[in-house]
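Chemist: Structure incoming, see below.
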Amino acid sequence: MQLLYLLIEIIVKCVVVFAGLMIVVAYLTWFERKVLGHIQIRFGPNRCGPFGLLQPFSDAVKAFFKEDLVPERSDKVVFVMAPMISIIAAISIFAVIPFGNQFTIPGTEWVVKLRLADIDVGLLYIFGVASLGEFGIVLGGWSSGNKYGLTGSLRAAAQMISYEVALGITVVGVLILSQTLRLTEIVRLQEGGFWNWNIWYQPVAFVLYLICGLAEINRTPFDMPEAEAELACGFNIEYSSMKFALFFMAEYAHMVTMGALAVTLFLGGWQPIIPQLSFIPGIVWFCAKLFIFLFFFVWQRGTYPRLRYDQIMKFGWKILIPLALINLLITALIVSLKG
Amino acid sequence: MAENIGTIFQWLIFLGMAFLSVLASFLVITRKNPIHSALFLVLTLLSVAVLYLLLYSQFIAIIQVVVYAGAIVMLIVFVIMLLDLEVELRSKLKIVYSKVIGGFLAILFLFGILYAVVAKSPTGKVGPYTPDKVSTNVKAVGEVLFTQYLFPFEIISILLVAAIIGAVILSKKRT
Chain E
16 MQLLYLLIEI IVKCVVVFAG LMIVVAYLTW FERKVLGHIQ IRFGPNRCGP
66 FGLLQPFSDA VKAFFKEDLV PERSDKVVFV MAPMISIIAA ISIFAVIPFG
116 NQFTIPGTEW VVKLRLADID VGLLYIFGVA SLGEFGIVLG GWSSGNKYGL
166 TGSLRAAAQM ISYEVALGIT VVGVLILSQT LRLTEIVRLQ EGGFWNWNIW
216 YQPVAFVLYL ICGLAEINRT PFDMPEAEAE LACGFNIEYS SMKFALFFMA
266 EYAHMVTMGA LAVTLFLGGW QPIIPQLSFI PGIVWFCAKL FIFLFFFVWQ
316 RGTYPRLRYD QIMKFGWKIL IPLALINLLI TALIVSLKG
Chain F
7 MAENIGTIFQ WLIFLGMAFL SVLASFLVIT RKNPIHSALF LVLTLLSVAV
57 LYLLLYSQFI AIIQVVVYAG AIVMLIVFVI MLLDLEVELR SKLKIVYSKV
107 IGGFLAILFL FGILYAVVAK SPTGKVGPYT PDKVSTNVKA VGEVLFTQYL
157 FPFEIISILL VAAIIGAVIL SKKRT
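Protein sequence lines, in the order shown, are assigned to chains E and F. Offset between the first sequence (1-based) and this note's numbering: plus 15. Offset between the second sequence (1-based) and this note's numbering: plus 6.
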């Protein structure tokens, strides 16, 4: 019976997290357009429903009913597989994100932990699955048999490999402080008010994480793989209908994950700002902090222009990686001196 | 009862993944298109990662995914994409000698593995680091790596640095 309850709990959690993530992704697209619109002094979507709130659904319906083209010159199997790889990886990363502490179901003694999997190598799992997700973008561009697509995916591969190195080294600083790869442990060590959050101990790592994270999810200053102006949309140029929508959803889901990981590593996860406010459930704090990052991701898209490709590579290898290494060395030195 | 189900599940997963890895690695060497080969290589590496999980080595499994399936195969794909694949397909290059030599080496390697598994039992005596200890704690892996196996670890680092410097020199030469 215990086993059955456990199974039910796992399935319910999976469904809830999946549905929640999809809703967040859908409304993130709406939110982005709305904020970008106001930044550029226009309204953004306002036709479908009040404040354009039904826009994501109308987009979904439109994408669903569009003609699904597979180019003649494409590698058909890989072409169909690429968006699937992208979306599967983007969703399954979310399995290890702890979005709240635990609570007891009223009337029973059944404790529900607000995370899908609490594995010992949670942080490495995120990096592993994210690096698998990159295959989606790279293969998508290659398999479409289009020169713009190929250029986009070449840029994606080079850029992601470079920035993944810097991102990995950056995160090691936090690891040295918390001495664990388990995300719930990392959150628990930041307990007791905002002055205990890792952002104060690792400010350089925080800034580097945001920059590398933007490059990892191909957001605007680093959106080389799909630079509209020069590559006509890059890796997804030949994609239409739901396949394009899957790429789009994967990008936004990845963005949510990057934000959630930043909250977990640097802003104390589900912990409240000050201990006195702990009557507000952890999941509310988590979502509020996540919202800050999502707003930042959208805001900076409306602010910064796109960099040039060689500038991006130079910036990654000659500035970000040395900075991350110096940060790592100083952190290690201080931690070992303190004993 | 529950334990029995667990063992059966472990066996099923092991058999499935072992079969999948053998099949995928066979497909790696038989595909004409190198990108397809690289993708099947990813599949092989992933199924081997699951085998590591069955051996309670979470850390090794996830490192396998990050380093091999993620980074290295990505580099392989990156290089292949820069090549013109159709020239290779059109040229109909006959490779006879390399097939013979390669087959011979493969059979030799197979016998080597068989000898290692059958004649010399791979299980030694139980050390202080039991599977349970290593599986729940990445620290244990780090401790062993930086104390007992420090020398091999450093040797590998020197090899890698040498390889990086060699690659840089080779690529600088041309320009």
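Built from N, CA and C at the ideal position, the CB exists for glycine as well.
Taking the continuous beta strand (DSSP E) assigned at Q117 (chain E), which residues delimit it?
Modeler: Residues 117-119.
Chemist: Under the three-state reduction of DSSP, which class applies to V54 (chain F): helix, strand or coil?
Modeler: Of the three classes helix, strand and coil, the one that applies to V54 (chain F) here is helix, per DSSP.
Chemist: Taking the alpha carbon of I226 (chain E) as the reference point, which residue from E:V180, E:W212, E:P290, E:A104 has its own alpha carbon closest?
Modeler: It is E:V180 whose Cα lies nearest to the Cα of I226 (chain E).
Chemist: Can you confirm whether the segment 257-269 of chain E touches the segment 202-214 of chain E when touching is taken to mean that 3 or more C-beta pairs between the two stretches lie within less than 8 Å?
Modeler: As far as the Cβ criterion goes, the segment 202-214 of chain E does not touch the segment 257-269 of chain E, which means the pair count is below three.
Chemist: Find the nearest neighbour of L139 (chain E) within the set E:I184, E:W125, E:Y216, judged by alpha-carbon distance.
Modeler: Here the closest residue by C-alpha is E:I184.
Chemist: Against A172 (chain E), what residues of chain F qualify as contacts under a CB-to-CB distance less than 9 Å, listed in chain order?
Modeler: Chain F residues near A172 (chain E): M80, L81, V83, F84, M87.
Chemist: Can you round the beta-carbon distance between I26 (chain E) and S159 (chain E) to whole angstroms, since I take them to be within the 8 Å contact cut?
Modeler: Actually they are not in contact, since the Cβ atoms of I26 (chain E) and S159 (chain E) sit about 37 Å apart, beyond 8 Å.
Chemist: Just to confirm, is the Cβ distance from Y216 (chain E) to V186 (chain E) under 8 Å?
Modeler: No. Outside cutoff.
Chemist: Return the CA-CA distance between F237 (chain E) and F301 (chain E), expressed in angstroms with no decimal places.
Modeler: If you take the alpha carbons of F237 (chain E) and F301 (chain E), they lie about 27 Å apart.
Chemist: Are the CB atoms of F250 (chain E) and G164 (chain E) within a distance shorter than 8 Å?
Modeler: Yes, they are a contact pair.
Chemist: Could you pull out every residue in the same chain whose Cβ sits closer than 6 Å to the Cβ of F281 (chain E), ignoring the five residues on either side in sequence?
Modeler: N213, I214, F221.
Chemist: Excluding the 5 residues preceding and the 5 following S53 (chain F) in the sequence, name in chain order all residues of the same chain whose CB lies nearer than 6 Å to its CB.
Modeler: So the list reads M23, L26, S27, once near-sequence residues are dropped.
Chemist: Can you pull the DSSP bridge partners for V127 (chain E)?
Modeler: Answer is E:F118.
Chemist: Specify whether the segment 127-138 of chain E and the segment 185-200 of chain E touch according to this definition: at least 3 beta carbon pairs, one from each stretch, less than 8 Å apart.
Modeler: The answer is yes - the segment 185-200 of chain E touches the segment 127-138 of chain E, with three or more Cβ pairs under 8 Å.
Chemist: Could you give the DSSP three-state label for C248 (chain E): helix, strand or coil?
Modeler: Coil.
Chemist: Quick one: which chain F residues come within Cβ less than 7 Å of F142 (chain E)?
Modeler: What F142 (chain E) touches in chain F: V72.
Chemist: Please report the straight-line C-alpha distance between G284 (chain E) and I175 (chain F), rounded to a whole angstrom.
Modeler: Their backbone Cα atoms lie some 45 Å apart in a straight line.
Chemist: Could you check the C-alpha separation between L29 (chain F) and V102 (chain F) for me, to the nearest Å?
Modeler: Going by the C-alpha atoms only, they are around 24 Å apart.
Chemist: Report buried or exposed for V106 (chain F), applying the criterion of at least 16 other Cβ atoms within 10 angstroms of its Cβ.
Modeler: Result: exposed.
Chemist: Whole-angstrom Cβ separation of G369 (chain E) and G317 (chain E), contact assumed at under 8 Å?
Modeler: Since the first residue shown for chain E is 16 and the last is 354, residue 369 (chain E) is missing from the structure and cannot be characterised.
Chemist: Please report whether the beta-carbon of I102 (chain E) lies at a distance below 8 Å from any beta-carbon of chain F.
Modeler: Answer no: the Cβ-Cβ gap between I102 (chain E) and chain F never drops below 8 Å.
Chemist: Consider the Cβ of N143 (chain F): report whether some Cβ of chain E lies at a distance smaller than 8 Å.
Modeler: Taking Cβ atoms only, chain E reaches closer than 8 Å to N143 (chain F), which makes this a yes.
Chemist: Starting from K145 (chain F) and walking both ways along the alpha helix (DSSP H), at which residues does that stretch end?
Modeler: Taken as a continuous stretch (DSSP letters only), the alpha helix (DSSP H) holding K145 (chain F) covers 144-152.
Chemist: DSSP on V153 (chain E), reduced to helix/strand/coil?
Modeler: Three-state DSSP puts V153 (chain E) in a helix.
Chemist: Using a C-beta to C-beta distance shorter than 9 Å, which residues of chain F count as neighbours of I341 (chain E)?
Modeler: The premise fails here: I341 (chain E) is roughly 19 Å from chain F at the closest Cβ pair, so nothing lies under 9 Å.
Chemist: Any idea if F312 (chain E) is buried or exposed, counting beta-carbon neighbours within 10 angstroms, 16 or more meaning buried?
Modeler: By the neighbour-count rule (16 or more Cβ atoms within 10 Å), F312 (chain E) is buried.
Chemist: Pick out whichever of E:K162, E:V127, E:L229, E:G188 has its Cα sitting closest to the Cα of Q174 (chain E).
Modeler: Of the candidates E:K162, E:V127, E:L229, E:G188, the one whose C-alpha sits nearest the C-alpha of Q174 (chain E) is E:L229.
Chemist: Give me the chain F residues within the contact set of V202 (chain E), using Cβ-Cβ distance strictly less than 7 Å, ordered along the chain.
Modeler: Those do not exist, as V202 (chain E) stays about 17 Å from chain F at its closest Cβ, beyond 7 Å.
Chemist: Between E:L69, E:R48, E:L84, E:W157, which lies nearest to L89 (chain F) when the distance is taken from Cα to Cα?
Modeler: The candidate whose alpha carbon is nearest that of L89 (chain F) is E:W157.
Chemist: At 4 residues or longer, and completely inside the segment 55-83 of chain E: list those alpha helix (DSSP H) runs for me, N to C.
Modeler: Those alpha helix (DSSP H) runs which fall completely within the segment 55-83 of chain E and span 4+ residues are 70-80.
Chemist: Taking A265 (chain E) and I102 (chain E) to be in contact with their CB atoms under 8 Å, please state how far apart those CB atoms are, rounded to whole angstroms.
Modeler: The Cβ separation is near 4 Å, so the contact holds.
Chemist: Below 8 Å on the Cβ atoms is my contact criterion, and I expect I112 (chain E) with T279 (chain E) to pass it. Report the Cβ-Cβ distance as a whole number of Å.
Modeler: So it is a contact: roughly 7 Å between Cβ atoms.
Chemist: What residues of chain E sit near G148 (chain F), judged by a beta carbon separation below 8 Å?
Modeler: Within 8 Å Cβ-Cβ: nothing; G148 (chain F) doesn't reach chain E, min ~10 Å.
Chemist: Would you mind telling me which residues of chain E sit closer than 8 Å to I171 (chain F), beta carbon to beta carbon, in chain order?
Modeler: By Cβ distance, chain E contributes nothing, its closest Cβ being about 16 Å from I171 (chain F), past 8 Å.
Chemist: Rounding to the nearest angstrom, what Cα-Cα distance links N211 (chain E) and F65 (chain F) in this structure?
Modeler: Cα to Cα, N211 (chain E) sits roughly 28 Å from F65 (chain F).
Chemist: Counting only beta-carbon atoms, is V153 (chain E) nearer than 8 Å to chain F?
Modeler: Yes, because at least one Cβ of chain F sits closer than 8 Å to the Cβ of V153 (chain E).
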